[in-house]
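**Q** Pasting in a structure now, in structure tokens, and then I'll have a few things to ask.
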Amino acid sequence: MVLVVSDPAAGDVREIEEFELDLAFGSDENALKLEARAGEAPEEGQFVFIDGTEYGGVVDEVTYDTGRDASGTVLCKGRTWHGILAGKRLLPDSGSGYLAVSGKAGEVLASLISRMGLSGLFSAAVDDTAVSYTFDRFADGYGGLKALAKANGRKVSMRRLGGKVELSLPPVVDYADKVDSDLLDFTLTSVHRCVNHLVCAGMGELENRAVVHFYADAAGNVSHVQSLFGVDEICALYDYSNADEAKLEEEGRKKLQEYQTQGSVEVAAHDDIDVDVGDMISARDNAHGRTVNATVAKKIVKVSRGVAVYSYEVGGETTTKMSSSGVAESSGGGSGGGGHAYLAGKGLTLNGYTFAAEVDSAELKTVEAKADAARTAASNASAAAGEAQEAAKGAATAAEENATAIAGKQDALAAGANVSIDGATISAKDTTYGEATATESGLMSAADKGRLDGLATGETVPKKAETAGKLAATRTVAISGAVNGSATWDGSGDLSIVVAGDAAAAGFLAAHPVGTYMETSGFDPSDYGGEWQAVPSVGPYTWIRTK
């Protein structure tokens, strides 16, 4: 094999015979590494490929030694053709929720290549086979193409031909009866039971949450009917918190089908056995009578001195994963696991084409759960605050009514042997009585008389609650909920209650200061506090807190 170096502007510039090439593509990596002599190695931005094959890509970085101990070789790293596709996104048209394609396979591929802006590098093979597919939102280019191919019983194939990388969707090849397992070295894992009961949880809270159950039988067929029980039942949770029941029906079935596997195989080929990602391969162990058929998920090619050696990663998940999650829109698109040439790690840094993130997906899931809990608590606190306000208003009204009732129950004056009433004038004939007190009967005090002077008989006494003095017994008024507090009151003055706020009531505003952006499924965050303004958004509803 000869390696060709090509320049985007000048075309093919030279061929290299002495080189070490390492490529990995499929489920992940989609990257290449090349070692060549300093005078022959490609420069950054140039392409390298083995003509007539899918082995090639673009050089993104070059490392070389200088000085007295220089080795004379150059190390080049970059993206394979698959990695270039994975670095693109298949976005829906403006105003559309999803990107859907249908028609002849060749024409569909050509339209997708153009949509990704790669018509100068890729071409589509002529193919009149009818295909159709609806992509997940924001699917990456390579993952989306693999999902399209899988949905139509095909695979993604590419070859460097005629100055471009030709894409095609040929049928999947089953090598179970075409390749002797004796020509392969493999590590075989046979699975007796995998996840066969999937609980799919969607949108909603508690008893109102959408829940759908899927079951798989011993042969891996998925339905709503359970056939495996007891020790044979293996149940997993699929947490898809923003999906309705219809979406759970669609995605839950696909997720449980992904769990169905006979096992996994790691394969290394003895001879020149060259298969594609997406093909079926069989591993058989005659000593133990075990056979596993699986799909090639990743292909690793190493070329040294013109000789290629192939190895493959095949198989699927086993029984160790007891939960899974999904979202309506994700960075990976969820459409086939194309992946990128970039790697993820800790620290949130960018070095060449390696990204690093200090927070991994599990930690993000925890933060997301806490945010949901805080939002729920804030909503409950807001409702409780409204109830507390109504309770306080009711307490004040009740206190006023009590004071009025008490004032109306003052002892009525009646004319008799000792008291005479003439219009507005009250006279006491018997002066042996002392002034009345709260506990003993007696004569009216001068102050009380002054309050009654000028009132006609039968006229309502103004401000009866104020003139009542105070309640016979003190009362306790308490407020609970988002705010709480209490105070005793005898009716002799204004009621004042010192309240303390619930920490959860302020949690929402504390977690979202002014200037914070928030994405929602449609609700207005102003319902939970503060003032928010909607801003333009392609995906979810986006808001900014203004006050």
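Take the sequence shown: its letter number 241 is residue 272 in my numbering, and every next letter is one higher.
Backbone N, C-alpha and C fix where the C-beta goes; we use that ideal spot for every residue, glycine too.
This structure is a prediction, so every number in the text was calculated from the model and none was measured.
(1) For a quick check, are the C-beta atoms of residue 274 and residue 229 less than 9 Å apart?
(2) Between the stretch 113–122 and the stretch 67–80, can you find at least three pairs of beta-carbon atoms closer than 8 Å?
(3) Should residue 556 be labelled buried (16 or more other beta-carbon atoms within 10 Å of its own) or exposed?
(4) Less than 8 Å between the CB atoms is what I'm expecting for residue 23 and residue 35, so what's the real figure, rounded?
(5) Quick one: using the 10 Å Cβ neighbour count with 16 as the cut-off for buried, is residue 56 buried or exposed?
(6) Let's see if you can read the secondary structure: which residues bound the beta strand (DSSP E) around residue 113?
(7) Go ahead and label residue 223 buried or exposed: buried means 16 or more other beta carbons lie within 10 angstroms of its beta carbon, across all protein chains shown.
(8) Cβ of residue 60 within 9 Å of Cβ of residue 114?
(9) Can you list, in chain order, the residues of its chain whose CB lies under 8 Å from that of residue 148, leaving out five sequence neighbours each side?
(10) Hey, quick one: how far does the beta strand (DSSP E) through residue 479 stretch, first residue to last?
(11) Considering only their Cβ atoms, is the gap separating residue 200 from residue 154 smaller than 9 Å?
(12) Decide if residue 559 is buried, meaning its Cβ has at least 16 other Cβ atoms within 10 Å, or exposed.
(13) Counting only the same chain and skipping the five closest in sequence on each side, list residues whose C-beta sits under 6 Å from that of residue 116.
(14) Ignoring anything shorter than 4 residues or poking outside the stretch 513–574, list the alpha helix (DSSP H) runs there in chain order.
(15) Can you check which of these residues, 161, 175 and 162, is closest to residue 146 by C-alpha distance?
(16) Please report the straight-line C-alpha distance between residue 235 and residue 125, rounded to a whole angstrom.
(17) Roughly how many whole angstroms lie between the Cα atoms of residue 385 and residue 63?
(18) CB of residue 555 to nearest heavy atom of the ligand FAD: below 8 Å?
(19) Assign residue 424 to one of two classes, buried (16 or more other C-beta atoms within 10 Å of its C-beta) or exposed (fewer than that).
(20) Pull the bridge partners of residue 231 from the DSSP assignment, please.
(21) If I measure Cβ to Cβ from residue 247 and keep anything under 7 Å in the same chain, skipping five residues before and after, which residues do I get?
(22) Have a look at the DSSP bridge pairing and note the partners of residue 70.
(23) By how many angstroms is the C-alpha of residue 529 removed from the C-alpha of residue 520?
(24) I'd like the span of the beta strand (DSSP E) that includes residue 34, first residue to last.
(25) Apart from the five residues on each side of it in sequence, which residues of its chain come closer than 7 Å, Cβ to Cβ, to residue 245?
(26) With three or more C-beta pairs closer than 8 Å as the rule, is the stretch 303–312 touching the stretch 186–193?
(27) Write down the C-beta distance between residue 577 and residue 564 rounded to the nearest angstrom, noting that I regard them as a contact closer than 8 Å.
(28) Compare the C-alpha of residue 129 against each of 168, 337, 156 and 143 and name the closest.
**A** Checking against the coordinates, here is how it stands:
(1) Stepping through the sequence shown from its first residue, residue 274 is reached at position 243. Stepping through the sequence shown from its first residue, residue 229 is reached at position 198. Cβ atoms of residue 274 and residue 229: not closer than 9 Å.
(2) These segments do not touch.
(3) Here residue 556 refers to the residue found at position 525 of the sequence shown. Classification for residue 556: buried.
(4) As shown, the chain starts at 32 and ends at 578. That puts residue 23 outside it, with no answer to give.
(5) Locating residue 56 in the sequence shown gives position 25, where the first residue counts as 1. Classification for residue 56: buried.
(6) Residue 113 sits at position 82 when you count from the first residue of the sequence shown. Note, residue 113: premise wrong, no beta strand (DSSP E); alpha helix (DSSP H) at 112–117.
(7) On the sequence shown, residue 223 is found 192 positions in, with the first residue counted as 1. With a threshold of 16 other beta carbon atoms within 10 Å, residue 223 falls short and is exposed.
(8) Counting from 1 along the sequence shown, the entry for residue 60 is found at position 29. Counting from 1 along the sequence shown, the entry for residue 114 is found at position 83. Yes, these two residues count as a Cβ contact at 9 Å.
(9) As a working mapping, residue 148 is identified with position 117 in the sequence shown. 119, listed in sequence order.
(10) What you label residue 479 is simply residue 448 of the sequence shown in a count that begins at 1. In the DSSP assignment, residue 479 falls outside any beta strand (DSSP E) and lies within the alpha helix (DSSP H) extending over 477–483.
(11) Position 123 of the sequence shown, counted from the start, is the residue given in the question as residue 154. Position 169 of the sequence shown, counted from the start, is the residue given in the question as residue 200. Cβ atoms of residue 154 and residue 200: not closer than 9 Å.
(12) In the sequence shown, the residue the question calls residue 559 occupies position 528. That one is buried.
(13) Start at 1 with the first residue of the sequence shown, and residue 116 comes out as number 85. Excluding its 5 nearest sequence neighbours in each direction, residue 116 has C-beta neighbours in its own chain below 6 Å: 172 and 173, listed in chain order.
(14) Taking only runs of at least 4 residues, the alpha helix (DSSP H) segments lying wholly in the stretch 513–574 are 534–542.
(15) Taking the first residue of the sequence shown as position 1, residue 146 is located at position 115. If we check each option's Cα against that of residue 146, 175 comes out closest.
(16) Position 204 of the sequence shown holds residue 235. Position 94 of the sequence shown holds residue 125. The straight-line gap separating the alpha-carbon atoms of residue 235 and residue 125 is approximately 29 Å.
(17) For the purposes of this step, residue 385 is taken as residue 354 along the sequence shown, with counting starting at 1. For the purposes of this step, residue 63 is taken as residue 32 along the sequence shown, with counting starting at 1. For residue 385, the predicted model reports a pLDDT of 38, less than 50, meaning its position is unreliable; a value from the coordinates is still stated below. C-alpha separation (whole angstroms): 14 Å.
(18) This structure simply doesn't include the ligand FAD, nor any ligand for that matter.
(19) For the purposes of this step, residue 424 is identified with residue 393 of the sequence shown, where counting begins at 1. Of the other Cβ atoms in all chains shown, fewer than 16 fall within 10 Å of the Cβ of residue 424; this residue is therefore exposed.
(20) As a first step, residue 231 must be located in the sequence shown, where it is residue number 200. Partner(s): 243 and 269.
(21) Translated into positions along the sequence shown, residue 247 becomes position 216. Cβ contact annotation for residue 247 (same chain, cutoff 7 Å, sequence separation greater than five): 227, 253, 287 and 291, in chain order.
(22) Residue mapping note: residue 70 aligns to position 39 of the sequence shown, counting from 1. DSSP lists no beta-bridge partner residue for residue 70.
(23) In the sequence shown, counting from the first residue as 1, residue 520 sits at position 489. In the sequence shown, counting from the first residue as 1, residue 529 sits at position 498. Distance between the alpha carbons of residue 520 and residue 529: 13 Å.
(24) Taking the first residue of the sequence shown as position 1, residue 34 is located at position 3. Per DSSP, the unbroken beta strand (DSSP E) holding residue 34 starts and ends at 34–38.
(25) For the purposes of this step, residue 245 is taken as the residue at position 214 of the sequence shown. 229, 231, 253, 255, 283, 284 and 287.
(26) With a cut-off of 8 Å, the stretch 303–312 and the stretch 186–193 count as touching, because enough Cβ pairs lie within range.
(27) For this step, residue 577 is matched to residue 546 along the sequence shown. For this step, residue 564 is matched to residue 533 along the sequence shown. Confirmed, Cβ separation roughly 5 Å.
(28) Numbered from 1 along the sequence shown, position 98 holds the residue referred to as residue 129. Per the C-alpha coordinates, the member of 168, 337, 156 and 143 positioned closest to residue 129 is 168.
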